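Read top to bottom, the protein sequences are chains B and Z.
Here the first sequence is numbered in this note's numbering, starting from 99 and rising by one per residue.
Here the second sequence is numbered in this note's numbering, starting from 17 and rising by one per residue.
Structure, as structure tokens:
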Amino acid sequence: MTYRKSALMLIGSPRLTKSNSSSLADYLDRQLQEKYIQTNRIFLLSALKSNDSIIDLFTSVKIAQVIILISPLYCSSLPYIVTKSMELIHGCRTSPNLPNQQFYALLNCGFPEFHHNHTGIAICRLFARESGFIWSGGLGLGMGETIGAKSLDKAGYLFKNVMKSLDLTSQAIAEGKEIPSEAVSLMQKPVLPKFIYKFVAHYNWKRQAKIHGARNKLSDRPLL
Amino acid sequence: MKALILNALKREQSSIEHIYKILANELKDRGWKSETFMLQDIDISSCKGCFGCWTVTPGICVNEDESSQIIAKFIHSDLIISLTKVTFGGYSSELKKVFDRTIPILSPFFMKAGNETRHKPRYKKYPNLATIGVMIHPDDESEYIFKTLAKRIALHFHAPQQGTLIIFSGQSKEKIHEKIKTLLRTIGGE
């Protein structure tokens with residue numbers, strides 16, 4: 099197969115393959131490959147394990163034509179492992195003749211509202227600017243926990259807007275364009291009505307706590 | 017009144033080392049009891065995103081390390097002051113690692129707050145949050161994102177009051193002192 103270009107997906111979730119970020123990456127990966135884009139994936143938690151893996155990260159970033167960060171939102175911004183990776187990547191991009199490399203970001207948060215991702219996307223934009231990448235747009239998904247680290251296709255109708263958004267995004271990546279506003283809007287559409295999402299989320303916390311024998315301790319204040 | 021300083025400024029950055037000293041002295045002059053964690057010296061692991069702090073041992077992270085001490089002091093302080101280099105408009109990785117590890121002090125359950133959803137407080141009282149960002153050069157976009165992030169984190173952690181200050185590394189000690197005094201006054205540090 100002759101590839102048109104290469105894309106590196108950086109996964110920012112510490113939950114690795116059992117993460118919603120990884121599920122989003124799986125779907126986008128398939129779309130990119132259908133468009134003859136060679137993909138490579140790096141889990142940033144693994145990349146930070148040793149000097150050798152950090153050097154591998156640098157090499158992969160250097161040779162990719164497109165970089166796509168796919169990450170959860172932690173505390174209103176990017177998780178530590180993403181921030182640390184950005185600092186390291188920034189530090190090695192000192193050459194005045196950096197190649198034209200596009201940088202895209204796809205963030206997901208567990209809150210029902212997509213707008214929690216805005217600050218994280220703004221940080222990605224500044225990172226791209228300060229590190230010599232071409233900022234090509236960011237997507238923010240709310241209710242990310244509905245994915246449950248499962249395949250988007252299998253959930254069918256529930257993620258139709260998310261998948262459509264990623265279809266449009268993959269097309270933009272293939273054409274070297276910015277993420278279109280339609281893709282941004284589709285990703286922002288609620289996956290479920292807010293009250294149902296909250297009900298299910300609360301039910302899930304209780305169910306998981308029950309499994310661990312902590313059902314009656316959920317509101318404990320152990321530090322008092 | 018108790019203050020907890022989370023200092024993520026690196027010691028080798030000698031041009032900004034004095035910022036911490038000015039802050040610590042000012043708190044002392046105001047009669048505050050302060051304690052500092054030099055984040056560069058602390059070896060804590062990053063959040064694994066397992067939610068064990070909500071569903072296995074609610075309120076306590078399942079991965080015990082020095083972060084447990086920080087979290088305990090966080091909730092028992094009246095004021096948290098974070099010192100960080102402004103990094104792409106956000107917090108440096110050292111400071112972000114600490115904030116990522118503080119989610120046990122929140123409840124997993126949601127609450128409505130204005131036009132958005134947040135996590136319910138686990139405790140009745142939370143400290144005020146002050147954030148001091150250090151920049152080498154002025155950059156409006158970076159400054160705006162940093163201030164927005166600090167506000168959002170303060171909302172996230174139910175801080176009754178919050179304040180953000182940007183210091184440029186070339187600023188005089190007098191100017192920095194004046195700015196820190198204003199910040200402390202703003203968030204009830206008299």
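Ideal placement from N, C-alpha and C gives every residue a C-beta, glycine not left out.
It should be emphasised that the depicted structure is a prediction, and the values quoted were computed from it without experimental measurement.
Excluding the 5 residues preceding and the 5 following residue i in the sequence, name in chain order all residues of the same chain whose CB lies nearer than 7 angstroms to its CB.
i, result
"S263(B)", "L237, A281, L284, M285"
"P120(Z)", "C69, G75, I76, C77, I87"
"H34(Z)", "K189"
"F141(B)", "I109, L114"
"L186(B)", "I152"
"I179(B)", "G110, P112, L142, L143, L146"
"P154(Z)", "F184"
"Q56(Z)", "K26, R27, E110"
"I38(Z)", "K189, I192, H193, I196"
Is it buried or exposed, residue i, if we count other Cβ atoms within 10 angstroms and call 16 or more buried?
i, result
"E110(Z)", "buried"
"M82(B)", "Residue 82(B) lies beyond the residue range present for chain B, which begins at 99 and ends at 322; the question has no answer from this structure."
"G47(Z)", "exposed"
"S93(Z)", "buried"
"A123(B)", "buried"
"A129(Z)", "exposed"
"T180(Z)", "buried"
"P176(Z)", "exposed"
"T181(B)", "buried"
"I97(Z)", "buried"
"E243(B)", "buried"
"K113(Z)", "buried"
"G186(Z)", "exposed"
"G106(Z)", "buried"
"L196(B)", "exposed"
"I221(B)", "buried"
"I309(B)", "exposed"
Looking at the unbroken beta strand (DSSP E) that takes in residue i, where does it start and where does it end?
i, result
"G238(B)", "232-239"
"Y202(B)", "200-206"
"S123(Z)", "122-129"
"M107(B)", "103-109"
"E132(Z)", "132-137"
"I21(Z)", "18-23"
"A146(Z)", "144-151"
"S98(Z)", "95-101"
"L321(B)", "From DSSP, L321(B) is part of no beta strand (DSSP E); its letter is neither H nor E."
Since residue i and residue j are thought to touch, with beta carbons under 8 angstroms apart, how far apart are those beta carbons, to the nearest angstrom?
i, j, result
"F257(B)", "L250(B)", "5 angstroms"
"A24(Z)", "T118(Z)", "Going by Cβ atoms, the distance from A24(Z) to T118(Z) rounds to 14 angstroms, so no, they are not a contact pair."
"S158(Z)", "L224(B)", "6 angstroms"
"I60(Z)", "V150(Z)", "Going by Cβ atoms, the distance from I60(Z) to V150(Z) rounds to 22 angstroms, so no, they are not a contact pair."
"A105(B)", "L130(B)", "6 angstroms"
"V164(B)", "K103(B)", "6 angstroms"
Can you list, in chain order, the residues of its chain with a C-beta nearer than 6 angstroms to that of residue i? Leave out the 5 residues immediately preceding and following it.
i, result
"G218(B)", "L171, S175, L176, L205"
"K49(Z)", "K18"
"H188(B)", "S229"
"P210(B)", "G240, M241, K292, Y295"
"S108(Z)", "A24, T100, K101"
"M184(B)", "F225"
"I277(B)", "G235, T267, A270"
"C190(B)", "F156"
Which two residues bound the contiguous alpha helix (DSSP H) that contains residue i?
i, result
"R305(B)", "292-309"
"K147(B)", "Note, K147(B): premise wrong, no alpha helix (DSSP H); not H, not E."
"F90(Z)", "83-91"
"H188(B)", "178-189"
"T164(Z)", "156-172"
"K258(B)", "258-272"
"Q129(B)", "118-132"
"I41(Z)", "According to the sequence displayed, residue 41(Z) carries Asn and not Ile. Where N41(Z) is concerned, the enclosing alpha helix (DSSP H) stretches over 33-45."
"F184(Z)", "Segment 178-184 is the beta strand (DSSP E) holding F184(Z); no alpha helix (DSSP H) there."
"K197(Z)", "189-202"
Counting only the same chain and skipping the five closest in sequence on each side, list residues whose C-beta sits under 8 angstroms from that of residue i.
i, result
"F126(Z)", "T133, R134, H135, K136"
"A307(B)", "R313, K315, L316"
"H216(B)", "G238"
"E42(Z)", "H193, I196, K197, L200"
"Y142(Z)", "I91, I121, F173, H174, A175, P176"
Give a single yes or no on whether residue i has its beta carbon closer than 7 angstroms to a heavy atom of the ligand FAD.
i, result
"Y202(B)", "Here there are no bound small molecules, and the ligand FAD is not part of this structure."
### Query
Listed in chain order, which residues of the region 292-310 of chain B have Cβ atoms closer than 7 angstroms to some Cβ of chain Z?
Answer in chain order: K296, A299, H300, W303, Q306, A307, H310.
### Query
Given a limit of 7 angstroms on CB to CB distance, which residues of the region 131-160 of chain Z reach chain B?
Flagged, chain order: E132, T133, R138, Y139, E157, S158.
### Task
Give the residues from the region 154-179 of chain B that approach chain Z closer than 8 angstroms (Cβ to any Cβ), ordered along the chain.
Answer in chain order: P170, Y172, C173, S174, S175, L176, P177, Y178, I179.
### Contact list for the region 216-232 of chain B against chain Z, Cβ threshold 7 angstroms
Listed by position along the chain: T217, A220, I221, L224, F225, E228.
### Message
To be precise: take each residue of the region 262-288 of chain B, compare its Cβ to all Cβ atoms of chain Z, and keep it if any distance is under 7 angstroms. Which residues remain?
### Response
Look at the region 262-288 of chain B: it has no residue with a C-beta under 7 angstroms from a C-beta of chain Z.
### Query
Which residues, in order along the region 190-210 of chain B, keep a beta-carbon less than 8 angstroms from a beta-carbon of chain Z?
Listed in sequence order: F209, P210.
#### Entry: Contacting positions in the region 110-123 of chain B - beta carbon closer than 8 angstroms to chain Z
So the close ones are S111, P112, R113, S117.
### Interfacial residues, the region 51-66 of chain Z to chain B, with Cβ spacing under 9 angstroms
Residues of the region 51-66 of chain Z whose Cβ lies closer than 9 angstroms to any Cβ of chain B, in chain order: S62, C63, K64, G65, C66.
### Query
For the region 161-193 of chain Z, which residues have a beta carbon sitting closer than 7 angstroms to at least one beta carbon of chain B?
For the region 161-193 of chain Z, the residues whose beta carbon sits under 7 angstroms from a beta carbon of chain B are, in order, I161, T164, L165, R168, I169, H172.
### Query
Just by C-beta distance, which residues in the region 79-106 of chain Z are closer than 8 angstroms to chain B?
Across the region 79-106 of chain Z, CB contacts with chain B closer than 8 angstroms involve I87, A88, I91, H92, T103, F104, G105, G106, in sequence order along the chain.
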